[in-house]
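Notes to accompany the following structure.
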Amino acid sequence: MQHKSLLPSDIVVSSNALQEKRSLKALKADIDRHNLTDMWNMILRIDFQVSSVEELSGDVQDEFRSIVTVLLQAFSDD
Numbered sequence: 012m013q014h015k016s017l018l019p020s021d022i023v024v025s026s027n028a029l030q031e032k033r034s035l036k037a038l039k040a041d042i043d044r045h046n047l048t049d050m051w052n053m054i055l056r057i058d059f060q061v062s063s064v065e066e067l068s069g070d071v072q073d074e075f076r077s078i079v080t081v082l083l084q085a086f087s088d089d
C-alpha cells in the first residue's frame, strides 16, 4: 500500500527543522506526559492504518514524528 503524505511538504520540512530528531521513545514520553496518548494512537490507527509505530517504514516514521511533534507543540501547555 502506497502511503500518501498527510501534510504539505513545506510543513513537514519546517517541522523537521524545528524538532531535534528526538527519538520516538522520547517523543512518546512527552505525549504521555501531556495526556495526548489517545491522539498518538488515533493518528497511527486512522491515518497510517497500523497499531504500532514500529510497523512504519523509516520515512513514514519521520513523517509521523513530524506530525505528532507539531500537534504536541500545539496542544501542550509548555
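Reading the sequence shown from the start, the letters are residues 12 to 89 in my numbering. Ideal Cβ positions, reconstructed from N, Cα and C, are used throughout, including at glycine.
(message) Can you tell me whether residue 77 is helix, strand or coil according to DSSP?
(response) helix
(message) Is it buried or exposed, residue 48, if we count other Cβ atoms within 10 angstroms and call 16 or more buried?
(response) exposed
(message) Taking 8 Å as the threshold (C-beta atoms), are residue 42 and residue 78 in contact?
(response) no
(request) Report the rounded CA-to-CA distance for residue 35 versus residue 75, giving the unit in angstroms. (result) 9 Å
(message) Helix, strand or coil for residue 61? Go by DSSP, reduced to three states.
(response) coil
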